[in-house]
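What follows is one structure encoded as structure tokens, with my remarks underneath.
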Amino acid sequence: MPVVISKELFYEKISKELDCRVIHYWTDNCVQGALPALPQVAIGVAKFFLPIYLLRMAIDYRRKKKNILKTFVIRELRSILYGASLSLIIISSICLLGKICGRIHYYNLLLIPGFLSGLGILVESDENQTLDTLIFFNSFIETNLNALKVNTTKQAILFVIFSGILMQLFENRKEELNFNYWWFYTPPLKKISNDNHQNKCSHENSCRFFITNGVKNYFMLGAGINITKRLLGSFKLLIKSPAKLVNVVFHKSNVYFGLLIAAYVGIYRAITCYLRQTQLLSEKWHGLLAGAISGVPYCFYPTIQLPVLAITTTLQIFYHNLCKHYNITNHFYQRLLLYQCVHACNLHTNFFYPNISSPYYSKMVDACTNRLTSKIYDQLVEKYFL
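Read in the UniProt record's numbering, the sequence shown has 329 at position 329, and its numbers run on one by one without any break.
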């Protein structure tokens with residue numbers, strides 16, 4: 001059972017003699033401390049990213065891109081270098097801070113080294129830098145929801161609220177959004193026309209076709225997303241037992257998630273079409289009402305990733321609008337600073353408060369370090385807290 005290590009408990013149980021050897025327990029030499037960790041991290045990162053990059057290679061092949069094998073190798077090598085950079089900077093920073101401060105303190109064990117190690121993301125491609133930042137930011141939001149003890153009922157309320165706000169922002173945008181986000185549905189951009197006789201809706205074809213076609217397509221999208229997630233999570237198991245592929249592809253959760261996404265889009269399109277045709281409500285509020293009501297099906301199949309996505313995408317759009325209003329140039333160092341902050345917080349929480357850490361983040365760290373972080377944690381807990 002994971003032990004929660006608060007700041008008070010840390011200083012109560014651990015004496016001033018604690019030094020960085022608690023991290024590189026395999027040697028007393030700080031210079032050599034990080035070296036044995038690098039092969040472990042390289043193996044872990046390579047295994048973790050292999051199914052992801054194989055999937056991307058298959059997508060590149062279908063799109064008839066060139067040099068797909070070379071691209072695959074470069075992606076894998078850059079990610080290995082990224083993981084090695086993180087671990088090297090973390091261990092080196094812990095040792096250096098321990099020497100400067102005279103001992104290991106609560107926040108210089110992982111929080112500060114985690115922030116400094118965020119510089120390791122610079123070895124990744126721009127595309128992966130953005131993806132990693134989004135993944136870690138989503139994990140940060142999920143961790144905080146866990147810390148606030150947000151149960152499924154509160155999750156549903158949060159989803160309804162942020163779904164309404166998010167769709168309100170989408171509906172009232174003046175142009176297409178030029179940044180990456182993971183929200184699954186973006187309504188069509190409103191058409192501006194002075195023709196009073198045209199269809200009041202922004203879509204082509206009839207409203208009935210627009211709604212039913214959306215339900216069909218987004219059911220397939222939702223099921224496809226869940227299948228992909230399960231395939232990536234079961235990659236090692238499928239290598240050993242390929243017959244289990246049938247269970248992964250036809251698992252009932254794929255249908256449930258597909259129905260949830262389809263219901264969301266179908267209800268949203270039906271409400272917005274009805275409101276535009278009847279003009280019962282000012283058009284600028286259509287997104288807020290339709291988005292909130294569309295979030296209700298979440299109650300039947302709650303999955304915390306959806307409210308997390310709604311929150312993060314809403315914050316992304318707010319930040320985008322803020323930058324545009326105040327003419328703030330979006331440089332890479334803003335993304336880097338965000339990544340460093342959320343990476344540090346996630347790493348600190350995962351080690352000291354494993355009970356609230358994002359499950360995906362915990363599994364990812366464990367896999368990418370080839371369970372080295374778990375071994376370090378077990379050593380520390382066994383020696384000082386049991």
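Idealized CB from N, CA, C, for every residue including glycine.
Please read all numbers here as calculations on a predicted model, not as lab measurements.
*DSSP on leucine 288, reduced to helix/strand/coil?*
helix
_CA-to-CA distance, leucine 110 to glycine 44, given in whole angstroms_ = 20 Å
*Compute the Euclidean distance between the alpha carbons of asparagine 196 and asparagine 330, then round it to the nearest angstrom.*
Reliability of the predicted coordinates at asparagine 196 is poor, the pLDDT of 49 falling under 50, and no value is obtained from them.
_Need the endpoints of the alpha helix (DSSP H) that valine 255 sits in, please._
252 to 278
*Collapsed DSSP secondary structure at proline 36 in the structure displayed*: coil
_Quick check: the Cα distance between lysine 190 and serine 202, rounded to an integer number of angstroms?_
5 Å
*Same chain, Cβ closer than 8 Å to phenylalanine 385, neighbours up to 5 away in sequence not counted*: Val3, Ile5, Leu9, Lys13
*Could you pull out every residue in the same chain whose Cβ sits closer than 8 Å to the Cβ of isoleucine 328, ignoring the five residues on either side in sequence?*
Leu322
*Give me the Cα-Cα distance between phenylalanine 319 and serine 15, rounded to the nearest whole angstrom.*
In the sequence under discussion, the amino acid at residue 319 is tyrosine, which differs from the phenylalanine named in the question. Cα-Cα distance, rounded: 44 Å.
_Determine whether the beta carbon atoms of methionine 364 and phenylalanine 159 lie at a separation below 8 Å._
no
*Kindly indicate which residue of Ala367, Leu380, Glu382 has the alpha-carbon position closest to the one of leucine 50.*
Ala367
*Between lysine 39 and tryptophan 26, is the Cβ-Cβ spacing less than 8 Å?*
Lysine is not the amino acid found at residue 39; the sequence shown has proline there. Their beta carbons are not under 8 Å apart, which means proline 39 does not touch tryptophan 26 by this criterion.
*asked:* Out of Met220, Arg276, Asn146, Val265, which one is the CA nearest neighbour of valine 249?
replied: Met220
_Neighbourhood of glycine 222 by C-beta distance below 6 Å, restricted to the same chain and skipping five residues each side_ = Phe257, Gly258, Ile261
_Nearest candidate by alpha-carbon position, reference leucine 122, set Ile52, Lys383, Tyr339_ = Tyr339
*asked:* If we require 4 or more residues per run, which alpha helix (DSSP H) segments fall completely within the stretch 187 to 247?
replied: 207 to 233, 235 to 240
*6 Å CB neighbourhood of isoleucine 80 in its chain, flanking five on each side removed*: Ala42, Val45, Ala46
*Are the stretch 200 to 215 and the stretch 273 to 284 touching by the rule of at least three beta carbon pairs closer than 8 Å?*
yes
*Do you know how far the Cα of valine 255 is from the Cα of alanine 243?*
20 Å
*With a threshold of 16 other CB atoms inside 10 Å of the CB of serine 282, please say whether the residue is buried or exposed.*
exposed
*Under 6 Å Cβ to Cβ from glycine 118, same chain only, skipping five residues before and after it: list those, please.*
Tyr339, Gln340, His343
*Leaving out five residues on either side along the sequence, give the residues of the same chain with a beta carbon under 8 Å from the beta carbon of phenylalanine 115.*
Gln340, Cys341, His343, Ala344
*Should the stretch 300 to 312 be called in touch with the stretch 146 to 158, which here means at least 3 C-beta pairs below 8 Å?*
yes
*Could you have a look at glutamate 176 and say whether DSSP puts it in helix, strand or coil?*
coil
_Are the CB atoms of threonine 278 and serine 87 within a distance shorter than 8 Å?_
no
*Coil, strand or helix - aspartate 28 by DSSP*: coil
*How big is the Cα-Cα spacing for alanine 147 and serine 93?*
27 Å
*Can the beta-carbon of serine 358 be found closer than 8 Å to that of glutamate 142?*
yes
*Do you know how far the Cα of leucine 336 is from the Cα of threonine 71?*
24 Å
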